[in-house]
Amino acid sequence: MGNMKLTLKVWRQNGPNDNGKIVDYPVNDVSEDMSFLEMLDVLNDDLVRKGDDPIAFDHDCREGICGMCSLFINGEAHGPGRGITTCQLHMRKFKDGDTIYVEPWRSAAFPVIKDLATNRGAFDRIQAAGGFVSVNTSGNLVDGNAVPIPKDDADKAFDAATCIGCGACVATCPNGSAMLFTAAKVSQLSLLPQGHPEAKRRALAMVEQMDKEGFGNCSNTGACEIECPKGISLEHIARLNREYLVATVTKE
Amino acid sequence: MSVKLDSKIPPGPIDKKWTDHKGHIRIVNPANKRRIDVIVVGTGLAGGAAAASLAEQGYSVKAFCFQDSARRAHSIAAQGGINAAKNYMNDGDSTYRLFYDTVKGGDYRAREANVYRLAEVSANIIDQCVAQGVPFARDYGGLLDNRSFGGVQVSRTFYARGQTGQQLLLGAYSALMRQVGKGSVQMFDRHEMLDVVIVDGKARGIIARNLITGEIERHGAHAVLLCTGGYGNVFFLSTNAMGSNVTAAWKAHKRGAYFGNPCYTQIHPTCIPVSGTHQSKLTLMSESLRNDGRIWVPAKLEDAKAIREGKKKGSDIAEADRDYYLERRYPAFGNLVPRDVASRAAKERCDAGFGVNKTGEAVYLDFSAAIERYGKLEANVKKLENVTKEKITELGRAVVSEKYGNLFDMYENIVGENPYDHAMKIYPAVHYTMGGLWVDYNLQTTVPGLFALGEANFSDHGANRLGASALMQGLADGYFVIPYTVGDYLADDIRTGPIDTKRPEFDAAEKEQKDRINHFLNNKGTKPVDDFHRRLGKVMWDKCGMARNAEGLKEAITEIRQIREEFYRDVRVPGSGNAFNQELEKAGRVADFLELGELMCVDALNRNESCGGHFREEYQEMDGPQKGEAKRDDDNYAYVAAWEWTGDAGKANLHKEALTFEEVKLTQRSYK
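Residue numbers (this note's numbering), protein chains in the order written: chain S, 1 to 252; chain C, 253 to 924.
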């Protein structure tokens, strides 16, 4: 095993109505090749053997794409390092003797389920409000090449579409705003011809749902862009604002 | 006793079967669809597409996933691409050629009619996804771009950088959420299916656990669709997500659904090697990298040894002292041989002592030639003169970065080494399972009303899946097959009315699950679940992995039975059943893997031949140009092994579905 010794200060909260508190855990034998989550696995293994309650945290793919992992580490969403999720954070970013704070996403719209796991169902509901193209399954659609799409537009749409819905933007924002998440979907579809017919309705419906969920307003601090593991640009928020403005002004 | 397996392949010529079948099977009228409930378990490409499409048609759908959102199903992690016979490249592709490549790639162990249908609907999938706003890669003319994948000689793979699975899944997810918004789909996330409930011989619902509250719930339906993915996590270490599991499929098996070809496992050749005992999963480096990366090991044992000891680096080895073993052994396909072939070749070199990392289990995947080639092309395009070597490298890196940037970043994060400067080190890892629940042409299992789609069924990939075909199959099953075939079954249910979940069958199934949960929680054991899972995985990898033999498989069966016995006696599951309890979730999944693993070994032991991902050391070519290649036995093993549960994984009953090949001639699969 490895040779790092660390002190973890972990948020423990037994359900949404519990007050919660920080609990200290020493962890020994940490190797720099471990991912952060593997380090927590080692700790949990130890807790189970001792008969203690292991720390609950969300994770699944462990390769930075499913968006399930969601830790606030030393005051940063997904910890130190840019363009990565917690599962892609490796212990070589830390030093022997370090103290590390581990907390859940904190947002009124993401209630804690247990310890570090939160409920991000609000994102699904924003998506259900309008984050789609209304096209049914059909084997008789036009050919995929019938409408050429300029490469730049396709690339920009892709950049927006890489959002993994993890919620780092919300956790990072001082206002707890979900603008970057919402903007990424609106922007992706507004950049593609397939998304145009419903553009206005989409922008209005998704923003309305976002507000209803209790997310805060965007005040352009730009923190979300910095912590976003997929590097989703603030430009998409600007595009959402334009789409929303046009939709509001021209609404019947 | 052997029930004859009826594959229900429609009559007629292969290219007319699906059209004729669709035209003749029964359908349910729109008013009646509203009175019919369908449960879809799993929300990956197959499940997400099926749930959305069936809801669009008017069925009342309940969708389940264990993740916190339908968008996180493991299809999201597929990287390289999706095949479709569009022939946009004018390189001779066709429905027939995609069909042929897939049957051959599967080493002639797939059902022809299913594969032909898959090839036939492949083009529709691309059109559907484009219409949903999936941002596929495009060229400067604004048209869809393609690349090549292993085992084929055309470019038919559509992609969205290295995140194709993500983009396709988000497309299916958006269609699903549209139906959720309309109220046509009821979504149950953070729910795990624990059992299927059979009433009068038909699947009529499921027992599920709400993973947040721990509540055991009953859900009734007229049909149940399992879209629950593969079982690669039986090996503990695999490229699957941590939560990927076999529980839904295994419980269905124990309720009467036959399990098809469980031993067919895909070991993917290009994954990041194991770094230590803490390892929780392995990360894939997309097969698309083999378009441009060249795979090699040192030609001299002393060089390999020096590299392992840290005395030399890969870049110190002169061109003449490198062994590009895939190009050497398979000149026609080179680095783009199918996955099973590439994996075995890597194992062969490493076993012979040529591995290039500390553990001796790694080979190089090198992009330096591609960087130089692309750099020169870019210099020409940009009309640069007198370009330096450094400039060419810079230009070339930019091209490689645009194509594979996210993969290179992933690699650097995990390994801590920049793959632009140093050749990647890779090794095979468990990736996909071709085996799964046996289904007929309609995707129905041997239990009426219980269907299996995508990786959860056995049907389309034979003994080896070609790259970029899993996404194709998931979406084909979900968008274009099940919406037709489920209607034929449900046509009998228009007058059934809602399924009563107070029936004794639901009582009994619920009690069984509660008893099992209580056993785990009350067990006075000492070891965490992962302990047993890791041990099971090691047995599977060593004895039922890339190479198998009769003796090892027999040992594995004994060892798995021991681990299973110990697991029930000594596992410790803390906490309560009425709360969020991740250790309890794992315990249930590992309990099922401990039975499945044994069946996989039984199946591998039964199949006295080598085919695709199933390589039995006793059955290989001993001499001639094909020396060391897999040796099939078509006379005795051209069948699907469909196993029936009898109460003990080791005593499953074997049923055989003979595979008949009318279109494709059975030959030795050669990529030389």
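Built from N, CA and C at the ideal position, the CB exists for glycine as well.
Reference residue i, options the options, closest by Cα
{"i": "lysine 599/C", "options": "Lys610/C, Gly566/C and Pro521/C", "result": "Pro521/C"}
{"i": "valine 367/C", "options": "Trp270/C, Val448/C and Gly333/C", "result": "Trp270/C"}
{"i": "alanine 910/C", "options": "Ser532/C, Ser312/C and Val892/C", "result": "Val892/C"}
{"i": "lysine 93/S", "options": "Pro80/S, Val102/S, Thr99/S and Asp153/S", "result": "Pro80/S"}
{"i": "aspartate 200/C", "options": "Lys564/C, Ile678/C and Glu654/C", "result": "Only positions 253 to 924 of chain C appear in the structure, and residue 200/C is not among them; the question remains open."}
{"i": "threonine 182/S", "options": "Thr172/S, Met210/S and Cys173/S", "result": "Met210/S"}
{"i": "tryptophan 548/C", "options": "Val432/C, Ala389/C and Ala614/C", "result": "Ala614/C"}
{"i": "glycine 275/C", "options": "Gly849/C, Ser567/C, Val733/C and Thr535/C", "result": "Val733/C"}
{"i": "isoleucine 288/C", "options": "Ile459/C, Ile751/C and Gly627/C", "result": "Ile751/C"}
{"i": "glutamate 646/C", "options": "Ala622/C, Asp661/C and Val825/C", "result": "Ala622/C"}
{"i": "phenylalanine 351/C", "options": "Ala322/C, Asp397/C, Gln331/C and Arg408/C", "result": "Arg408/C"}
{"i": "valine 951/C", "options": "Asn774/C, Gln814/C, Glu807/C and Gly804/C", "result": "Residue 951/C lies beyond the stretch modelled for chain C, which goes from 253 to 924, so this question has no answer here."}
{"i": "lysine 883/C", "options": "Glu571/C, Tyr871/C and Arg369/C", "result": "Tyr871/C"}
{"i": "leucine 234/S", "options": "Val246/S, Leu245/S, Asp46/S and Ala160/S", "result": "Ala160/S"}
{"i": "leucine 906/C", "options": "Val854/C, Asp875/C, Tyr923/C and Lys917/C", "result": "Val854/C"}
{"i": "threonine 912/C", "options": "Asn888/C, Ser922/C, Glu896/C and Ala901/C", "result": "Asn888/C"}
Whole-number beta carbon distance between residue j and residue i, since they are thought to touch under 8 Å
{"i": "glutamate 818/C", "j": "valine 791/C", "result": "With a Cβ gap of about 13 Å, glutamate 818/C and valine 791/C do not count as contacting."}
{"i": "serine 721/C", "j": "threonine 354/C", "result": "6 Å"}
{"i": "aspartate 575/C", "j": "alanine 551/C", "result": "4 Å"}
{"i": "cysteine 523/C", "j": "histidine 866/C", "result": "Their Cβ separation, rounded to whole angstroms, is 19 Å, which puts cysteine 523/C and histidine 866/C out of contact at 8 Å."}
{"i": "histidine 90/S", "j": "glycine 668/C", "result": "7 Å"}
{"i": "glycine 433/C", "j": "isoleucine 291/C", "result": "Wrong, their Cβ atoms sit about 20 Å apart, outside the cutoff."}
{"i": "leucine 477/C", "j": "valine 293/C", "result": "7 Å"}
{"i": "glycine 414/C", "j": "serine 540/C", "result": "7 Å"}
{"i": "valine 699/C", "j": "glycine 508/C", "result": "5 Å"}
Collapsed DSSP secondary structure at residue i in the structure displayed
{"i": "tyrosine 576/C", "result": "coil"}
{"i": "serine 254/C", "result": "Bear in mind that the predicted position of serine 254/C carries a pLDDT of just 47, short of 50, making it too unreliable to give a figure here."}
{"i": "lysine 21/S", "result": "strand"}
{"i": "serine 35/S", "result": "strand"}
{"i": "alanine 188/S", "result": "According to the sequence displayed, residue 188/S carries glutamine and not alanine. Glutamine 188/S: helix per DSSP, three-state reduction."}
{"i": "glutamate 243/S", "result": "helix"}
{"i": "aspartate 618/C", "result": "strand"}
{"i": "cysteine 479/C", "result": "coil"}
{"i": "threonine 416/C", "result": "helix"}
{"i": "aspartate 53/S", "result": "coil"}
Beta-carbon neighbours of residue i, restricted to chain C and to distances below 7 Å
{"i": "valine 10/S", "result": "In chain order: nothing, as chain C lies at least about 15 Å away."}
{"i": "leucine 240/S", "result": "Under the 7 Å cutoff, chain C gives no residues; its nearest Cβ is about 16 Å from leucine 240/S."}
{"i": "proline 148/S", "result": "Gly393, Gly394 and Leu395"}
{"i": "isoleucine 113/S", "result": "Ile464 and Phe832"}
Cross-chain neighbours of residue i in chain S, by beta carbon under 9 Å
{"i": "glycine 668/C", "result": "Glu32, Asp33, His90 and Arg92"}
{"i": "glycine 415/C", "result": "Correcting the residue type first, residue 415/C is glutamine in the shown sequence and not glycine. The answer, in chain order, is Ile65, Phe158, Ala161 and Thr162."}
{"i": "proline 671/C", "result": "None at all; the shortest Cβ gap to chain S is about 15 Å."}
{"i": "histidine 785/C", "result": "Residues of chain S passing the Cβ test: none, with the nearest at roughly 12 Å."}
{"i": "lysine 285/C", "result": "Going along chain S, no residue has its Cβ under 9 Å from lysine 285/C, so there is no contact; the nearest lies around 14 Å."}
{"i": "glycine 264/C", "result": "Per Cβ cutoff of 9 Å: no residues; glycine 264/C is ~19 Å from chain S at best."}
Partner residues on chain S for residue i, Cβ-Cβ distance less than 7 Å
{"i": "proline 780/C", "result": "Asp45, Val48 and Arg49"}
{"i": "glycine 385/C", "result": "Val133, Gln188, Leu189, Leu192, Gln194 and Gly195"}
Contact with chain B by residue i, beta-carbon distance below 7 Å
{"i": "valine 23/S", "result": "Considering every chain present, this structure includes no chain B. Its protein chains are S and C."}
Interface residues of chain C facing residue i [CB-CB closer than 8 Å]
{"i": "serine 134/S", "result": "Arg430"}
{"i": "alanine 129/S", "result": "Gly433"}
Within chain C, the residues that residue i reaches when beta carbons sit closer than 9 Å
{"i": "lysine 62/S", "result": "As written in the sequence, residue 62/S is arginine, which differs from the lysine given in the question. Residues of chain C passing the Cβ test: Ala493, Met494, Ser532, Lys533 and Thr535."}
{"i": "asparagine 19/S", "result": "The contacting residues do not exist; asparagine 19/S stays about 17 Å from chain C at best."}
Closer than 8 Å at the beta carbon, the chain S residues around residue i
{"i": "tyrosine 340/C", "result": "Asn145"}
Cβ contact (3+ pairs, closer than 8 Å) linking the segment 276 to 286 of chain C and the segment 296 to 304 of chain C: no
At least 3 beta-carbon pairs within less than 8 Å: the segment 432 to 445 of chain C vs the segment 308 to 317 of chain C: yes
Cβ contact check for the segment 339 to 355 of chain C and the segment 844 to 851 of chain C: 3 or more pairs under 8 Å: no
Three CB pairs or more closer than 8 Å across the segment 654 to 666 of chain C and the segment 681 to 693 of chain C: no
Given 8 Å, three or more beta-carbon pairs between the segment 565 to 584 of chain C and the segment 846 to 863 of chain C: no
At least three beta-carbon pairs within less than 8 Å, the segment 142 to 158 of chain S to the segment 381 to 388 of chain C: yes
Cβ pair count under 8 Å reaching 3, the segment 166 to 176 of chain S against the segment 238 to 250 of chain S: no
The segment 729 to 745 of chain C in contact with the segment 698 to 706 of chain C per 3-pair CB rule at 8 Å: yes
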